[in-house]
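Count the sequence shown with UniProt numbering and you get residues 1 to 285, in order. All C-beta atoms in this analysis are idealised placements derived from N, C-alpha and C, irrespective of residue type, glycine included. Shown next, in structure tokens, is the structure this report addresses.
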Amino acid sequence: MAVAELRRGLSGPAVIDNAVLALDPADLDDHMWDRHTLFESGFTSMPSDERTSGEFLIGEFGQVDTVMVHPGLGAVLTGESREGTAQWRLGLELLGQLAFHAGVVGAAEDYRPGCFDDAEAAARNRPGVVRVPVSEADGSYRTVLHKAGRPLHPGRFRDALPHLAAGTHWLRGRLWIASAPQTRIAVQGIGPRVWLESTGKWLADSAESAPVFARPGKAGTDVDSLLDWHPNHGDRGTVLAITRRKEDVDPKEIRHLLDGCQLTEAEMKQDFGVWDDPLELSDAL
């Protein structure tokens, strides 16, 4: 990310007051669904960068404290007036779901100086961490959060994942899967791409095995483990957030899909070693 690259390039420590991203909101929805890599789209000269523009933007949104909205170069060169159009307003609404923590300003407007928080930016970008808007805003997009306290059946979750991801601008969270019960699995879906990755052991399965070892205010701290710690299963559990167009997201359907993936009472009595691994987690881990 730009902030990390800046620090690596400096000979000494530096204080960052603000991290600002300039964006044309009218293009945001298209960027989220673009299947091309940054190189294929001409946004970078590095063929090895396989991120899509949506993946790039989600990563940058997690780092910045301010988003400056301004018509893109193409609109400026053609004289297209975008500000205030329906596409512009929709982009701002989507921005409010994807970067709800950030201040949004116009190019000529004042912004709040000195509000970059290094520890919070690092926490937002940790795979598996879930942040959602504090309140549901009126508009065309909505974010739904759901949690499951039991391990997920690997086969049922594999079948449910395409339905959870379909039409989703941003899917993110962490999974407790019965075929890899000690491993905290991060899931992320950005536009057309969805992937799972191991983030190591659950804190409850580590040597530290208590949330007191995660220090608030320290960059990289897993704040979620402190907030979600359960007396029986610790930080283990599934937390999933889904951002879609409001007409395409049904909280009851998402709850039904995810709850249906949880192990039943009878399945909970079985040894974790009996479960097949259709997600091929054992190979990846």
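For residue i, three-class secondary structure by DSSP
i	result
E247	helix
R193	strand
W176	coil
S198	strand
G59	helix
L257	helix
W88	helix
R142	strand
H101	coil
K252	helix
M46	coil
A14	coil
T264	coil
G79	coil
Beta-carbon gap between residue i and residue j smaller than 8 Å
i	j	result
G191	D34	yes
I185	R193	no
D29	L94	yes
T238	T143	no
A241	R172	yes
A75	D24	yes
R255	H169	no
G234	W202	yes
Counted within 10 angstroms of its Cβ, other Cβ atoms place residue i as buried (16 or more) or exposed
i	result
A99	buried
S48	exposed
M32	buried
residue 286	Residue numbering for the chain in the displayed model covers 1 to 285; residue 286 lies beyond these limits and cannot be assessed.
V15	exposed
P216	Summary for P216: the model assigns pLDDT 48, below 50, so the residue's position carries little reliability; its value from the coordinates is reported in the next sentence. Per the 10 Å Cβ criterion, exposed.
D228	buried
W88	buried
Nearest candidate by alpha-carbon position, reference residue i, set the options
i	options	result
A180	G167, H169, A166, E197	E197
H163	E109, H230, S81, P251	P251
W176	R131, S135, F272	F272
D276	N232, A204, L226, G155	G155
D248	G84, G167, L57	G167
Any contact between the segment 56 to 66 and the segment 108 to 119? By contact I mean 3 or more CB pairs, one from each, below 8 Å. yes
Touch test, the segment 268 to 283 against the segment 150 to 158, Cβ-Cβ under 8 Å, three pairs minimum: yes
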